Amino acid sequence: MATVGQACLIFALGFSIYGVAASVVGARTRRESLVRSGRRALYALFALSLTAFLITEFAFFTSDFHFTVVATHSSTTTPWYYRLAAMWSSQQGSLMLWLTLLAGWSSLCVVMLRGRLRDVAPYAVAVLLGFGAFFTAVMLFSASPFTVVAVAPVEGVGLNPLLRHPSMMIHPIMLYSGYTLLTIPFAFAVGALIVRRVDAEWLRATRVYALGAWLALGVGIILGARWSYAELGWGGYWAWDPVENASLLPWLTGTAFLHSVKIQERRGMMKVWNASLVLATGTLAILGTFLVRSGVLDSIHAFVQEGSGVAWFFTALIVVMIAGSVYLVITRRDNALKSESRLDSLLSRESAFLGNNLVLVAIAFVVLWGTFFPLISEALTGQKEAVGPPWFDQYTVPLVLILVLLSGIGPVIAWRRTSWSRLWRSMRAPAILALVVAIGCIIWDPANGDVSAMIMFVVGAFAIGISLQELWRGTRARQLMTGEGPFAAFRLLLARNRARYGGFIVHIGVAVLFIGLAASSSFQSVRDVRLGVGEQTTLAGYSFTYVKPVAKIETQAGRLERITLGSQVRVTKDGKFVANLEPNRGYYPAVGSMLGAVSTYFAGESTSEIGLQAGIAEDLWIAETPDISSLMPVVRRGDAVFEKASSQGLEPKARAVFLAAALNGLTTQYRENPPPAQFRVLVSPMVFWIWIGSLIVVIGAMVAAWPAVGAVRDLVRARQAARVAQELGRA
Amino acid sequence: MSVIGPIVAVVILGLVVWFVSQPLRSRVAAQDDLRDDGRVADLRAARDAKYRQIRDLEMDYRTGKLSEDEWRSIDRELRGEAVEVLHRLDQLVPPQQGAPIAPALPEPPSAPPANDPR
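Protein sequence lines correspond, in order, to chains A and B.
Just so it is clear: in the first sequence, position 456 is 456 by my numbering, and no numbers are missing.
Just so it is clear: in the second sequence, position 39 is 1039 by my numbering, and no numbers are missing.
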């Protein structure tokens, strides 16, 4: 299997290089056969990478420890669904996933083109195959998943316990889908600039994939935040970590592009800006992959230690991408990228979009600077210094406030120009709503004097009000024009104006999300406390009582997966029962450890499982760190007994039975004589709304991305046309 | 060492070579010509974009963002641009019976819309 997988990678590299050459030569000499052959090389890349991907997945699924990557990232005690996801916890597997997604999305894109952009497509295919060649080469020369050993170890190291979370099965796929989908607009931008055809057709093709990438990346980011909230045991969802920032950067510039591309579509303006944005977004997607996989920056999300080998590959690629992009934009700025019209008025939707773009790019710049500050400081001073969340908040919070405000104002301004009086009439009702919220904030001061949070509530209410008003007005206008009922009018309004009204739904979601962020970070109550059984602590009006300890052994496939030590915590408010929470900590054995038979179970990774009661108003969140020091004398005694028994030639089967008995005794001891445990207790208002806001964003983006009725009809016609051509060819 | 792996690899290589080289071997290769229909596709996309703008403009008017005069003026301008695009499109691809139909263009504003929501 490994031979076939390795061969697939070698063939993939060969055909990618061939495809680049065939596409470029075919396009330059206008030989369609070469162009078609190049296109087929892309499909071949997908088939080969998918084969290699499935071979690797099969090795993980069957725990084939001949594969080094399987032995070092999985184990028989890892549940089967996490074994499948364990593949992308490794350097090799994640590069494999990247390549497969790249080839898959690229092939789908080329198939969907159906003969459109015939002059641009060959160059785009060449760029996409170039990316394919790059990732294949990185795997072949630095991180092959098909490295095998002659004698397989009995057991693997296992999947990092922190990654044993449901969202980790989807999060990397969504994130990498976002990154790989962003390479498609990049590739088509390069192609369009080469043939000097940055026109409406290019915009239409590019926008769809940019929107798909934006959606996938957004879902990936939110799933990562959810994982951080539930798994990392610190109670937050965003830490301005380099890997988190890496995914945010292309999302920000992608958001800017999705807005500014509208200006080009309508007015033929901002072509240089749009081309630069789409090229920068593609480059940032590769930069994001680089940060995740190289380990050049310290991150709580970097699960790769062997990454330094790929750093030079990525650095070279990013330098080529930046240099090539700059060259193409500069050499095309006076012809293909020349603006067709000028800004008519500062009070126009174009201006609002321009403002929104500047703010988004400013946020991206702040995030980029903060993320790379450790490398910058090291280069300048010789010392690696990082900036923390307060630094990021200081710059991004005001910018986000402006952004949410603009997301409210933009939709009510007409294209080209409008008057102040008409603008005021359009935003009067939402402005009154915002004023009411502002007065409420001043009177009740729910943000405890946090001015930025209060402003966020006000501008968020304004933006939501504007979007709801637009949806209402659109529905009403349609009802009056067609006589449809309100639901039919609303449904058809969305169906006929997907981008416009899908965008409004996204704006509502973004405002809800930011209100949730502001509320949860400003009103959060947190307490770190040490409690014994029967003791309690109070926080934000709630009482948390440590009722009883929980200790158990969890097995998988007949082998011990982990020892879980935790507690049951009863939550009450004003004497009334609210919830029972069960935080715990799982202890995973250290594979290959030289420690004693029992103590090895406390020498491996440990992971926190929080107790959570999520609600619309607030979340009750609790994490526990059991004090295992009181168990250690018993553990050491157990080690000594096993050492003595081993020296007397204890049979493996008998050893397993005795070990199970010893560990059971250990958990019983913990239950019967529980030591005090350290708890982190949080009461976080409105966290729920972060997830609800994200869901609204996803729904809105799907509405906007869904093919329009006309597009579906065109597709059907194109299929019919292709069929006629095929049948005529056969005749 | 198993020989099945190398055999499977050779078979895969053969299949991929056959698949990728097919356009070079087929009869279509004799008609080597990368026809540039990009101009037509671009004009069609420009036409569709122009229609979207006209519809959006009408929605802007009906939802109170534009006065009737502004709407009429910009609508006239956009329709003129759409006609220009159609004219250029017809020069490249003369309209034929049964050809794919473009998305329908809304009726031009002749009178103020009934039941103006404002």
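Yeah, the Cβ is synthetic: ideal placement off N, Cα and C, and Gly gets one too.
Computed from a predicted model, the values in this text were never measured in an experiment.
6 angstroms CB neighbourhood of residue i in its chain, flanking five on each side removed
{"i": "A/A2", "result": "F146 and V148"}
{"i": "B/V1093", "result": "V1040"}
{"i": "A/V154", "result": "none"}
{"i": "B/Q1031", "result": "Its pLDDT being 46, under 50, B/Q1031 is placed unreliably by the model, and the measurement read from it follows with that caveat. Cβ within range, chain order: n/a, list empty."}
{"i": "A/L405", "result": "V459"}
{"i": "A/F373", "result": "V387"}
{"i": "A/V687", "result": "S520 and D619"}
{"i": "A/V712", "result": "Confidence is the limiting factor: at A/V712 the pLDDT is only 48, short of 50, which leaves the residue's position unreliable and the question unanswerable from this model."}
{"i": "A/A660", "result": "none"}
{"i": "A/W240", "result": "P389 and F392"}
Minimum Cβ-Cβ distance from residue i to chain B less than 8 angstroms
{"i": "A/D199", "result": "yes"}
{"i": "A/S426", "result": "yes"}
{"i": "A/R416", "result": "yes"}
{"i": "A/C8", "result": "yes"}
{"i": "A/S521", "result": "no"}
{"i": "A/T56", "result": "no"}
{"i": "A/R266", "result": "yes"}
{"i": "A/L140", "result": "no"}
{"i": "A/R422", "result": "yes"}
{"i": "A/A704", "result": "no"}
{"i": "A/V4", "result": "yes"}
{"i": "A/F196", "result": "Checking the displayed sequence, the identity of residue 196 of chain A turns out to be Arg instead of Phe. Not an interface residue."}
{"i": "A/R207", "result": "no"}
{"i": "A/R680", "result": "no"}
{"i": "A/F11", "result": "yes"}
{"i": "A/R204", "result": "yes"}
Cβ shell of residue i (< 8 angstroms), same chain only, five flanking positions each side left out
{"i": "A/E554", "result": "L560, E561, R562, I563, T564 and G586"}
{"i": "A/S348", "result": "I413, A414, W415, R416, R417 and T418"}
{"i": "A/F134", "result": "F313 and L317"}
{"i": "A/G503", "result": "P411, G700 and A704"}
{"i": "A/V550", "result": "T564, L565, G566, S567, Q568, E582, N584 and R671"}
{"i": "A/V208", "result": "A705"}
Chain-order list of residues whose beta-carbon lies under 7 angstroms from that of residue i (same chain, five-residue window excluded)
{"i": "A/I222", "result": "S694"}
{"i": "A/V219", "result": "M174 and V698"}
{"i": "A/T180", "result": "W98, L101, L102 and W105"}
{"i": "A/L34", "result": "A22, V25 and G26"}
{"i": "B/L1086", "result": "R1047"}
CB contact below 8 angstroms: residue i versus chain A
{"i": "B/Q1022", "result": "yes"}
{"i": "B/I1054", "result": "no"}
{"i": "B/V1125", "result": "A query on residue 1125 of chain B cannot be resolved here, the shown segment of chain B reaching from 1001 to 1118 and no further."}
{"i": "B/D1042", "result": "yes"}
{"i": "B/R1062", "result": "yes"}
{"i": "B/G1005", "result": "yes"}
Any non-hydrogen atom of the ligand FMN closer than 7 angstroms to residue i Cβ
{"i": "A/G615", "result": "The ligand FMN is not part of the structure shown, which contains no ligands of any sort."}
Quiz item: Is the region 96-112 of chain A touching the region 163-176 of chain A, taking contact as three or more C-beta pairs under 8 angstroms?
Solution: yes
Practice problem: Flag this pair as touching only if the region 689-705 of chain A and the region 644-657 of chain A have three or more C-beta atom pairs under 8 angstroms; answer yes or no. | Solution: no
Quiz item: Using 8 angstroms as the threshold, is the region 523-542 of chain A in touch with the region 1005-1014 of chain B, meaning 3 or more CB pairs across them?
Solution: no
Quiz item: For the region 1079-1090 of chain B, which residues have a beta carbon sitting closer than 7 angstroms to at least one beta carbon of chain A?
Solution: none
Quiz prompt | Start-end ranges of the alpha helix (DSSP H) lying completely within the region 223-294 of chain A, minimum 4 residues | solution = 242-267 and 271-294
Quiz item: Between the region 469-483 of chain A and the region 647-660 of chain A, are three or more C-beta pairs nearer than 8 angstroms?
Solution: no
Exercise. Say whether the region 666-678 of chain A touches the region 496-509 of chain A, bearing in mind that this needs 3 or more beta-carbon pairs closer than 8 angstroms, one atom from each stretch.
Key: no
Self-check item: Members of the region 393-413 of chain A near chain B, C-beta cut-off 8 angstroms
Solution: V412 and I413
Self-check item: Contact set between the region 484-507 of chain A and chain B, restricted to residues whose Cβ is under 7 angstroms from the partner
Solution: N497 and R500
Self-check item: Where the region 467-479 of chain A meets chain B: residues whose CB sits under 7 angstroms from a CB there
Solution: E470, R473, G474, R476 and A477
Quiz item: Are three or more beta carbon pairs between the region 247-264 of chain A and the region 352-365 of chain A nearer than 8 angstroms?
Solution: yes
Quiz item: Closer than 9 angstroms, Cβ to any Cβ of chain B: which residues of the region 102-118 of chain A, in chain order?
Solution: G115, R116, L117 and R118
Quiz prompt | Contact the region 62-78 of chain A vs the region 42-52 of chain A: 3+ CB pairs below 8 angstroms | solution = no
Quiz item: Touch check for the region 511-520 of chain A and the region 484-493 of chain A: three-plus C-beta pairs under 8 angstroms?
Solution: no
Quiz item: Which runs of the alpha helix (DSSP H), 4 residues or longer, sit entirely within the region 400-460 of chain A?
Solution: 420-444
Quiz item: Mind listing which residues of the region 323-346 of chain A have their C-beta closer than 7 angstroms to chain B's C-betas, in chain order?
Solution: none
Exercise. May I ask you to verify whether the region 373-388 of chain A touches the region 428-444 of chain A, counting CB pairs closer than 8 angstroms and requiring at least 3?
Key: no
Quiz item: Three or more C-beta pairs closer than 8 angstroms, one from the region 7-22 of chain A and one from the region 120-140 of chain A: is that the case here?
Solution: yes
Practice problem: Could you tell me whether the region 256-276 of chain A touches the region 331-342 of chain A, using the rule of 3 or more Cβ pairs below 8 angstroms? | Solution: yes
Quiz prompt | Residues in the region 29-62 of chain A having any Cβ partner in chain B nearer than 8 angstroms | solution = R30, R31, E32, S33, L34, V35, R36, S37, R40, A41, Y43, A44, A47, L48 and T51
Self-check item: Segments assigned alpha helix (DSSP H), at least 4 residues, entirely inside the region 527-586 of chain A
Solution: none
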